[in-house]
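J.: Below: one structure in structure tokens.
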Amino acid sequence: MAPIPGSGLAKGLAVTLRTMTRKTVTEQYPDALPELPPRTRGVIGLFEENCTVCMLCARECPDWCIYIDSHKETVPPAAPGGRERSRNVLDRFAIDFALCMYCGICIEVCPFDALFWSPEFEYAETDIRDLTHERDKLREWMWTVPAPPALDPGAEEPKEIAAARRTAEKLAAEQAAPEQPQGGGS
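Read in order, the letters of the sequence shown are residues 2 to 187 in my numbering.
Written out as structure tokens, the structure is:
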């Protein structure tokens, strides 16, 4: 059967009339901030105290947008007669967000939990060169990182915590037990 001429136009007008009567769901962004999911990826924050300058984040970044500079510093021995140690000291840590594709690989590969996702998304700049955030700006973003979600109450206890708890209980039991007299009896 052949379609009736103009039926497509009538269907289109019906859809238009139906949507015209509905309330709009547009959020007026600058005036009303959006409600974002709790673990939203916005900008990357740096917890500088945990960074050991291992450079894993910069090596694994597919965009090469992480810049790290460091130097070695000699640390005196902890105990007399010990030897001096050397450690890396962070001089510069910067991320160019004009290049970043927000994949999160840098956060995943960091073995010392120095990088975190912050839900902040309002960091637009008028000049693209200002999108390279140095470590002081990345440190400011760190304080907007939400706490991790609570553990599932029905989940199994992590092995590390279980082992530490058993060791602590064993030591407490040994200290609480009265000392047995040693030696022969007569």
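Even glycine gets a Cβ: it sits at the ideal position worked out from N, Cα and C.
Which same chain residues, not among the five before or five after Phe48, have their C-beta less than 6 Å away from its C-beta?
T.: Result list for Phe48: Ala115 and Met143, in chain order.
J.: Helix, strand or coil: which one does DSSP assign to Glu170?
T.: Note: Glu170 maps to helix in three-state DSSP.
J.: What is the C-beta distance between Val146 and Phe122, in whole angstroms, given that I count them as a contact (C-beta under 8 Å)?
T.: Their Cβ separation, rounded to whole angstroms, is 13 Å, which puts Val146 and Phe122 out of contact at 8 Å.
J.: Under the rule that 16 or more other beta-carbon atoms within 10 Å means buried, what is His134, buried or exposed?
T.: With 16 or more Cβ atoms within 10 Å of its Cβ, His134 is classed as buried.
J.: Would you decide whether Gly9 is buried or exposed? Buried here means 16 or more other CB atoms lie within 10 Å of its CB.
T.: It counts as exposed.
J.: Quick one: residues in its chain with C-beta nearer than 6 Å to the C-beta of Cys111, no 5 flanking neighbours on either side, listed in chain order?
T.: The answer, listed in chain order, is Cys58.
J.: For the beta strand (DSSP E) that contains Trp118, what are its first and last residues?
T.: Note, Trp118: beta strand (DSSP E), Leu116 to Ser119.
J.: Please give me, in chain order, every unbroken run of the beta strand (DSSP E) with length at least 3 that falls completely inside the stretch 73-141.
T.: You should have 86-97 and 116-119.
J.: CA-CA distance, Pro159 and Asp153?
T.: Spanning the two alpha carbons is a distance of roughly 12 Å.
J.: Helix, strand or coil for Val13, going by three-state DSSP, please let me know.
T.: Residue 13 is actually Gly in this sequence, not Val. Helix, per DSSP.
J.: Would you please state the rounded distance, in angstroms, between the beta carbons of Thr127 and Asn89? I believe it to be under 8 Å.
T.: 36 Å between Cβ atoms; not a contact.
J.: Leaving out five residues on either side along the sequence, give the residues of the same chain with a beta carbon under 7 Å from the beta carbon of Arg140.
T.: The answer, listed in chain order, is Leu47 and Glu49.
J.: Decide yes or no for the touch test of the stretch 94-101 against the stretch 62-72: beta carbon pairs closer than 8 Å, at least 3 of them.
T.: At 8 Å Cβ cutoff, the stretches touch.
J.: Can you tell me the Cα-Cα spacing of Ala156 and Ile162, whole angstroms?
T.: Rounded to whole angstroms, Ala156 to Ile162 spans 13 Å at the Cα level.
J.: Keeping to the same chain, check which residues put their C-beta closer than 6 Å to that of Ile129; ignore five residues upstream and five downstream.
T.: Result list for Ile129: Ala99, in chain order.
J.: How far does the beta strand (DSSP E) with Leu47 in it reach, from first residue to last?
T.: Where Leu47 is concerned, the enclosing beta strand (DSSP E) stretches over Val44 to Leu47.
J.: Using only alpha-carbon positions, find the residue among Val44, Glu36, Lys24 and Met21 that is nearest to Lys138.
T.: It is Val44 whose Cα lies nearest to the Cα of Lys138.
J.: Taking the CB atoms as reference points, tell me whether Cys62 and Ile106 lie closer together than 9 Å.
T.: Yes, these two residues count as a Cβ contact at 9 Å.
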